[in-house]
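Asks:
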Amino acid sequence: MPRGALLALMVLSSAAAIAADGPPGTAAVPPPPAIDTRLPIPVGVALNGRSLDDPCLVARRDGHLFVPTEAARQWGLDLPPLAGDFTLDGQAFTALDGRAGIAARLDANGTTLLVDADHRLFPTAHFGPARTPLARTRIVPAAFLGYDLSLIGADGHAAVSAYLDGGISGAWGVLGSTAAVQSHGGAVRLDTSFRRDFPDQRLRLAIGDTLTNAGDWNLPVRFAGIRLGTDFSLTPNEITYPLPVLRGSAALPSVVDLVAANSGRRFDVQPGDFTVDYQPTFNGAGSVSMTIRDAAGTLRTVTQNFYTSPRLLRPGLDDFSLEAGFLRKDYGWRSFSYGAPFAAASWRHGLSNMLTVFGRIEGDARSQAAGVGTGLVIAPIGEFSVSAAASHSAWGDGILWRAQFQQITAIYTISASYQEESAAFVQVGGPAPDGASRSELVVAGSVSLGRLGSISASHAEDRHGENLHYSISALSFSSNVGPAYMSVSARQTDTAGSRDRGVFAALTVPLGRRTSSSLFVDGGRTTATLTHVPPPDQGIGYRLLFARGAGDPSLAEGAISWRNRAGDFELAAAQQDGSTGVRLHAQGALLMIGGTLAPAQRLDSAFAAVEVESNAKAQVYFENQPVAGRAGGGARTIVTGLQPYAANRIAVDLDDLPLDTEVTYAEQTVVPGYRQAVAVRFGGAPVHPATLTLVDAQGAILPAGLAVSAGGVAGVTGYDGQIYLPDARPGATITVRGAALTCRATVPAAPQDKKPVRCIAATNGENQ
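The numbering of the sequence shown is the working numbering, which starts it at 451 and goes up by one.
1. Give me the DSSP bridge partner(s) of GLU911.
2. With three or more beta-carbon pairs closer than 8 Å as the criterion, would you say the segment 1155-1168 touches the segment 646-655?
3. Relative to the alpha-carbon of GLY809, which residue among ASP503, ALA838, LEU1191 and ALA790 has its alpha-carbon at the smallest distance?
4. So is THR731 buried or exposed if we call it buried at 16+ other beta carbons inside 10 Å?
5. DSSP puts ASN1098 in a beta bridge; with which residues?
6. By the 10 Å Cβ neighbour count, where 16 or more other Cβ atoms means buried, how is SER501 classified, buried or exposed?
7. In the DSSP output, what is TYR1169 paired with across the bridge?
8. Using the Cα positions of HIS919 and SER872, report the straight-line distance between them to the nearest angstrom.
9. Cα separation between PRO1201 and ASP1177?
10. Just curious, the beta strand (DSSP E) that GLU520 is in, first and last residue?
11. Could you check which residue in ALA554, SER699, SER906 and GLY989 has the C-alpha nearest to that of GLN573?
12. With distances taken between CB atoms, is the gap from ALA1116 to LEU1104 smaller than 7 Å?
13. How would you write the range of the beta strand (DSSP E) that MET1042 sits in, first residue to last?
14. So, for ASN1074: in the same chain, excluding its five sequence neighbours on each side, which residues have a beta-carbon less than 7 Å away from its beta-carbon?
15. With hydrogens ignored, establish whether the beta-carbon of GLY789 is closer than 6 Å to any heavy atom of the ligand MG.
16. Spell out the partners DSSP gives LEU1175 in its beta bridges.
17. Per DSSP, ASP707 is paired with what?
18. Just verifying my parser: in three-state terms, what is the DSSP assignment at GLY722?
19. Indicate the three-state DSSP secondary structure (helix, strand or coil) for LEU684 in the structure shown.
20. Quick check: the Cα distance between LEU625 and TYR1071, rounded to an integer number of angstroms?
21. From the DSSP output, in three-state form, read off PRO649 for me.
22. LEU1021 by DSSP, collapsed to three states: which one?
23. Between GLN818 and the rest of its own chain, which residues show a CB-CB distance below 6 Å, the 5 nearest in sequence each way excluded?
24. Kindly indicate which three-state DSSP category LEU571 falls into: helix, strand or coil?
25. Taking the straight line between their C-alpha atoms, what separation do you get for VAL1207 and ALA1164?
26. Can you confirm whether the segment 553-573 touches the segment 488-507 when touching is taken to mean that 3 or more C-beta pairs between the two stretches lie within less than 8 Å?
27. Excluding the five sequence neighbours on either side, which residues of its own chain have a C-beta within less than 8 Å of the C-beta of GLY1188, listed in chain order?
28. Excluding the 5 residues preceding and the 5 following SER966 in the sequence, name in chain order all residues of the same chain whose CB lies nearer than 7 Å to its CB.
29. Is it true that the segment 878-896 meets the segment 909-916, where meeting means three or more beta-carbon pairs spaced less than 8 Å apart?
30. Have a look at ALA674, GLN1025, ASP1203 and ALA853 and flag the residue whose alpha-carbon is nearest the alpha-carbon of SER785.
31. Classify ALA455: buried if its beta carbon has 16 or more other beta carbons within 10 angstroms, exposed otherwise.
32. Counting only runs of 3+ residues fully inside the segment 622-676, write out the beta strand (DSSP E) ranges in chain order.
33. Which class does THR900 belong to by DSSP, given the choice of helix, strand or coil?
34. Going straight from the alpha carbon of ARG510 to that of PHE516, what length do you get?
35. When the Cα of ASN1065 is compared with those of ARG1080, ARG1052 and GLN1025, which residue comes out closest?
36. Along the chain, which unbroken stretches of the beta strand (DSSP E) at least 3 residues long are found entirely within the segment 1050-1074?
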């Protein structure tokens, strides 16, 4: 029923009720009797004391009040059907009263339905960080080669070294290899592998040279084979650790304010229960206050302590790794040196917001090991982790255990860890045991003093067998003094039978956006530097250094660097104790994307080829920073440094482009894959807007209001027969239609010459 009709019926119902009340001064009429109203009547609605804007139909049958099921849903009530529900004229009605948690009645005049509903009858709302994966940009084929070259000459001797990183990529994955070249050592292959990512499943497949998964008790080792496992870097916008959960309820529409250290948030909630996954600005211990203000002005405030740790997994989340292959030997010295076959598997699982468990098993022909562990968070105390492992090998059976505690707050941080392993414990791929047990203790802490700075202290002990003992203790203070930064630290190192103490101080003073000077004092040696960093796109930089100490030869060093679209190039010279050395360093990359070969400053995790369809060249920006090179005029610019599987913003400067260049967006967001390339295109063919005056075959101006279409753009004729074309391409057809006229005109070769354009009447066939 239309809303206007409902309002009219309400007015009539109210008039009838007033007439029944009689003249003023008569006794009040009691509430309407509980009689059946077979046909629904329109009434106003007050839900939990708040009047709703829209009226509603209500019927009374068998002593119960019925309303349309859809109306109850619009109020936020999802009511299960009852035996007495009915359908009238295709509209379903459901009973309100007779249900747990809800009370309904008509007011004394019978014109307003009063509904009191428990907040648990409303749907539960959830607020938290978005977990929707980003749509990935289409990948284009690419080939790449990154290089890091050095030429060093000193005292008549020269040495050349190079690090090369090359490969090809596409939608199918990435195939790459790295190598090191030295003038005196030859070339050595480092790693060769194929990678294929499955971001929707957080999975990465690696075939070839790679690393095993590291854990609390095992170190990563190199091997060649296959590895399939979870990789959370494929979903960088996803929060994998548990967040503090705040719960509340509202009987009326309310405003919720979250207030914590250095952050705040406000949002609206409808009646019902709600939960909030609160994302703190920093990890560790903290507290958040939640204030609920409803439509009636009632305030409720709840404060909750929390502790967040990225080392834990949110409940139900898994992290696994399966590895098998051959252990790598002589890495960096020999290209193809592999040992015995091995296999390993590890798994982590989030049991709750407080607890994560993990385990690993590994083995080869020489040794086998297995271990388990757990991470526990107790808010606001801190994070505890315990792990233990056992190994079996030709050297015997061994055990390892480790315990760690950490507490991070906005003011101070404390951490302590202790690890002990027996003499025979061995990890697969690790060195053979030497017959001595080992223990390690590390304690550290820091305190923030606000504007005064911060103090940190640490102590570490390492015992190896009965006689080898090593420890180091340090105390430091750091602070900002105006624009400058200073730090002072003292350290003490103890080994078997010896002790060494030292004091270190540093002062750094900025002298501009990219220029700074520093002074370092380490014992009796003083070092002064002056550094100018080149701009991120292109420019010149330099570095000067002078060091002198009591009893030590002086050192003088200078360097000049040049950054351009092809990379970073540096020429440095140093002199010490009468000896002079020179170094030439070059770092950059070559990429071929879409058949175009172009240089780049460096080879990173993802790339983009930027093209501007204009004869002019425009400055390209990546995350609001200019990049070397300009795109346009048939030239592409390669942008490196993109973050894989995350949103990356690339833009062009529209002021560099002619006014007739059609650019829909000045900035685009792209989501590339790891070591993969995307194509970013700005602009289109130049446009030539024009205003034309149309006349008929006799030269009379066409009347206003006729329908005009040209190049897929529709419009109407204006006064004086004028039409506007956003892109007047010479030779294009203009069609004009009216009640008594259909004609066609052709855009002239010079649309801007202001001469009238004749519109020739169409033939009968053309009219059809």
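Using N, Cα and C, we set each Cβ at its ideal position, and we do this for glycine too. On a predicted model such as this, the values are computed, not experimentally measured, just so you know.
Replies: Reading from the atomic positions:
1. The sequence position of residue 911 within the sequence shown is 461, counting from 1. Looking at the DSSP output, GLU911 sits in a beta bridge with LEU891 and SER921.
2. no
3. Translated into the one-based positions of the sequence shown, residue 809 becomes position 359. Of ASP503, ALA838, LEU1191 and ALA790, the residue nearest in Cα terms is ALA838.
4. Here residue 731 is taken as the residue at index 281 of the sequence shown, counted from 1. Exposed, by the Cβ-count rule.
5. Position 648 of the sequence shown, counted from the start, is the residue given in the question as residue 1098. According to DSSP, which records beta bridges pairwise, ASN1098 is partnered with VAL1120.
6. Numbered from 1 along the sequence shown, position 51 holds the residue referred to as residue 501. When all chains shown are included, SER501 counts as exposed.
7. Counting from 1 along the sequence shown, the entry for residue 1169 is found at position 719. Beta-bridge pairing links TYR1169 to no other residue.
8. Along the sequence shown, one-based indexing puts residue 919 at 469. Along the sequence shown, one-based indexing puts residue 872 at 422. Those two C-alpha atoms are separated by around 16 Å.
9. Here residue 1201 is taken as the residue at index 751 of the sequence shown, counted from 1. Here residue 1177 is taken as the residue at index 727 of the sequence shown, counted from 1. Straight-line spacing of the CA atoms in PRO1201 and ASP1177 works out to 10 Å.
10. What you label residue 520 is simply residue 70 of the sequence shown in a count that begins at 1. Where GLU520 is concerned, there is no enclosing beta strand (DSSP E), although the alpha helix (DSSP H) it sits in stretches over 519-524.
11. Within the sequence shown, the letter at position 123 stands for residue 573. Looking at the sequence itself, residue 573 is Pro, so the reference to Gln does not match. Selected option, being the one with the closest Cα: SER699.
12. Within the sequence shown, numbered from 1, the residue matching residue 1116 stands at position 666. Within the sequence shown, numbered from 1, the residue matching residue 1104 stands at position 654. It is a contact, given that the beta carbons lie within the stated cut-off.
13. Within the sequence shown, residue 1042 is the residue found at index 592, counting from 1. Element bounds for MET1042: 1029-1043.
14. For the purposes of this step, residue 1074 is taken as the residue at position 624 of the sequence shown. Excluding positions up to five away in sequence, the list is empty.
15. This structure does not include the ligand MG; it has no bound ligands of any sort.
16. Working through the sequence shown from its first residue, we reach residue 1175 at position 725. LEU1175 is bridged to ALA1140.
17. For the purposes of this step, residue 707 is identified with residue 257 of the sequence shown, where counting begins at 1. According to DSSP, ASP707 bridges with ARG716 and THR741.
18. Sequence index remark: in the sequence shown, residue 722 carries index 272 (1-based). If DSSP states are grouped into helix, strand and coil, GLY722 belongs with the strands.
19. Residue mapping note: residue 684 aligns to position 234 of the sequence shown, counting from 1. If DSSP states are grouped into helix, strand and coil, LEU684 belongs with the helices.
20. As a working mapping, residue 625 is identified with position 175 in the sequence shown. As a working mapping, residue 1071 is identified with position 621 in the sequence shown. C-alpha separation (whole angstroms): 29 Å.
21. To locate residue 649, count along the sequence shown from 1; it is residue 199. Helix.
22. Translated into the one-based positions of the sequence shown, residue 1021 becomes position 571. If DSSP states are grouped into helix, strand and coil, LEU1021 belongs with the strands.
23. Here residue 818 is taken as the residue at index 368 of the sequence shown, counted from 1. Once the five neighbours on either side are set aside, the close Cβ partners of GLN818 are HIS842.
24. Mapped onto the sequence shown, residue 571 falls at position 121. Here LEU571 sits in helix by DSSP.
25. Residue mapping note: residue 1207 aligns to position 757 of the sequence shown, counting from 1. Residue mapping note: residue 1164 aligns to position 714 of the sequence shown, counting from 1. Going by the C-alpha atoms only, they are around 18 Å apart.
26. Touching, yes, given that three or more Cβ pairs across the two stretches are closer than 8 Å.
27. For the purposes of this step, residue 1188 is taken as residue 738 along the sequence shown, with counting starting at 1. Excluding the 5 residues flanking it on each side, GLY1188 has same chain C-beta neighbours closer than 8 Å at PRO1153, GLY1155, LEU1156 and ALA1157, in chain order.
28. Walking along the sequence shown from the start, residue 966 turns up at place 516. Taking C-beta separations shorter than 7 Å and ignoring five residues to either side along the sequence, the partners of SER966 in its chain run THR958, VAL959, PRO960 and THR981, following chain order.
29. Under the Cβ criterion (8 Å, minimum of three pairs), the segment 878-896 counts as touching the segment 909-916.
30. Here residue 785 corresponds to residue number 335 of the sequence shown, with the count starting at 1. Checked all of ALA674, GLN1025, ASP1203 and ALA853; the closest Cα to SER785 is ALA674.
31. Translated into positions along the sequence shown, residue 455 becomes position 5. Per-residue confidence for ALA455 stands at a pLDDT of 43, beneath the threshold of 50, marking its modelled position as unreliable; no derived number is given.
32. The DSSP assignment places complete beta strand (DSSP E) segments of no fewer than 3 residues inside the segment 622-676 at 623-632, 636-648 and 653-661, in order along the chain.
33. Along the sequence shown, one-based indexing puts residue 900 at 450. Per the sequence shown, residue 900 should be read as Gly rather than Thr. Helix at GLY900.
34. If you number the sequence shown from 1, residue 510 lands on position 60. If you number the sequence shown from 1, residue 516 lands on position 66. Their Cα atoms are separated by approximately 6 Å.
35. In the sequence shown, the residue the question calls residue 1065 occupies position 615. Distance check between ASN1065 and each of ARG1080, ARG1052 and GLN1025 places ARG1080 closest, using alpha-carbon atoms only.
36. 1057-1062 and 1067-1072
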